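Read in order, the letters of the sequence shown are residues 286 to 593 in our numbering.
Every residue gets a Cβ at the ideal spot worked out from N, C-alpha and C, and that includes glycine.
From a predicted model like this one, the values you see are computed outputs, not experimental measurements.
Quick notes on the structure that follows.
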Amino acid sequence: MDSRRLKYFVQIVDSGSITRAAAVTGIAQPALSQQLAVLENELKVKLLDRSVSGVTPTPAGKILYAHAQTILRQVEDMRQAVHREMQPLSGAVNLGMSPTMVTRFALPLIEKVCSQHPEMHLQIREEGSAVLNELLINGRIELSISPTRPDNDVIVGEELLSDPLMLMYPASWSIANDAPLEDLAALPWIVPRRPHSIRAVVDGVFAAASLSPYVVVELDSLQNVIETVRRGLGVAAMVSDAVKADLDAGTVKCRPLGTVSPMRPMFLAHRRTPALSRPAQFVYDVLREIAADVRMDEPHKVEQPAAH
Numbered sequence: 286m287d288s289r290r291l292k293y294f295v296q297i298v299d300s301g302s303i304t305r306a307a308a309v310t311g312i313a314q315p316a317l318s319q320q321l322a323v324l325e326n327e328l329k330v331k332l333l334d335r336s337v338s339g340v341t342p343t344p345a346g347k348i349l350y351a352h353a354q355t356i357l358r359q360v361e362d363m364r365q366a367v368h369r370e371m372q373p374l375s376g377a378v379n380l381g382m383s384p385t386m387v388t389r390f391a392l393p394l395i396e397k398v399c400s401q402h403p404e405m406h407l408q409i410r411e412e413g414s415a416v417l418n419e420l421l422i423n424g425r426i427e428l429s430i431s432p433t434r435p436d437n438d439v440i441v442g443e444e445l446l447s448d449p450l451m452l453m454y455p456a457s458w459s460i461a462n463d464a465p466l467e468d469l470a471a472l473p474w475i476v477p478r479r480p481h482s483i484r485a486v487v488d489g490v491f492a493a494a495s496l497s498p499y500v501v502v503e504l505d506s507l508q509n510v511i512e513t514v515r516r517g518l519g520v521a522a523m524v525s526d527a528v529k530a531d532l533d534a535g536t537v538k539c540r541p542l543g544t545v546s547p548m549r550p551m552f553l554a555h556r557r558t559p560a561l562s563r564p565a566q567f568v569y570d571v572l573r574e575i576a577a578d579v580r581m582d583e584p585h586k587v588e589q590p591a592a593h
């Protein structure tokens, strides 16, 4: 069925006469009448009742009119969707992520966006998981990467990665590979304030052994925590990828936090509604690709210090 004939039919019904519809569409009245006749012949029903005052739809015509409007809207939506898909991605995408994920995700994401869609504008915020969750729920950001599992009616997401949380300590220190948790708990700890996810893991590891870490400083800034450890002022729990440059340079060391390092998952999340914009969907897909590449690569190998 030709959508043009449906469009002509809707216009005839809306105009109330073939003459007025011909004036609106710019099609000669005989040609418009012919299109109507073809439509009636195709459906094998009479669609319009004619009178001296104009035309009105028959019961069959009313049914066709309702369906035709839906079909024409869908056709127009399809045209616009196809047209949008052909347009370059542009506009802002607001993304939030935990500081430990910035090096791993933000830099390759920026490279991809700048090379493929330079008209897009990325806005990346570094925040703790509690703040990111609130920003996402309130619609202040469109996507987040954080250790907060999306398990409510507002947010949906998936696990991207799960990294071991390591014990980071100054390069000048020596900690035996078989050091018991009691010895690790007695070290001067630099930890973020509660309810930070890293703090929760550290507390949980020691609480499971009926221990408490000796906390000397509470610091929320990732870079300040790393710098404090560099200066030999204490130890901290950290994802090794976040300090890869320091490990390579030999300014800090890492070892498992306990017999088996606890895992720290990261989730990519967004609001259930509204649907992601095309630029945000592109960012979402790129982040998943980056995570897949990371999972395929060998994890950063941490040299264990010799026991002393």
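Can you grab the Cα-Cα spacing for the pair residue i / residue j, in whole Å?
i	j	result
LEU572	THR513	31 Å
ALA366	MET286	22 Å
THR544	MET451	11 Å
LEU420	ILE303	56 Å
VAL360	PRO564	24 Å
SER562	GLU327	41 Å
GLU503	TRP458	21 Å
ARG484	ASP570	30 Å
CYS539	ARG515	12 Å
HIS406	ASN379	9 Å
SER318	PHE294	10 Å
ARG478	MET523	14 Å
GLU411	SER506	10 Å
GLY301	ILE312	16 Å
ALA461	ARG549	24 Å
TYR499	LEU417	29 Å
ALA470	LEU496	7 Å
HIS368	ASP299	28 Å
ARG364	GLN372	13 Å
MET453	ASP362	55 Å
PRO342	ALA316	19 Å
ALA493	GLU574	36 Å
VAL398	VAL501	42 Å
ASP604	ASP468	Outside the shown range of the chain, which is 286 to 593, sits residue 604, and nothing can be said about it.
Taking the beta carbon of residue i as the centre, do at least 16 other beta carbons fall within 10 Å, making it buried, or is it exposed?
i	result
PRO344	exposed
HIS352	exposed
PRO403	exposed
ASP448	buried
LEU392	exposed
ILE395	exposed
GLN320	buried
SER375	exposed
ASP578	exposed
GLY346	buried
ASP531	buried
VAL337	exposed
Just to confirm, is the Cβ distance from residue i to residue j under 8 Å?
i	j	result
LEU357	LYS292	yes
LEU542	VAL490	yes
PRO473	GLY519	yes
PRO435	ALA576	no
VAL323	LEU333	no
ILE440	ILE426	no
ALA308	GLN296	no
PHE552	GLU443	yes
ALA517	PRO455	The amino acid occupying residue 517 in the given sequence is Gly; Ala does not appear at that position. Result yes, Cβ atoms of GLY517 and PRO455 sit closer than 8 Å.
ALA377	GLN401	no
Which whole-angstrom value is the C-beta distance of residue i and residue j, which I expect to be below 8 Å?
i	j	result
MET482	SER414	Note that residue 482 corresponds to Ser in the displayed sequence, not to Met. Sure, about 5 Å apart at Cβ, within 8 Å.
VAL476	ALA521	7 Å
LEU446	ARG580	7 Å
- Determine contact between the stretch 383-397 and the stretch 555-563, defined as no fewer than three beta-carbon pairs at a distance below 8 Å. no
- Task: May I ask you to verify whether the stretch 373-383 touches the stretch 423-434, counting CB pairs closer than 8 Å and requiring at least 3?
- Result: yes
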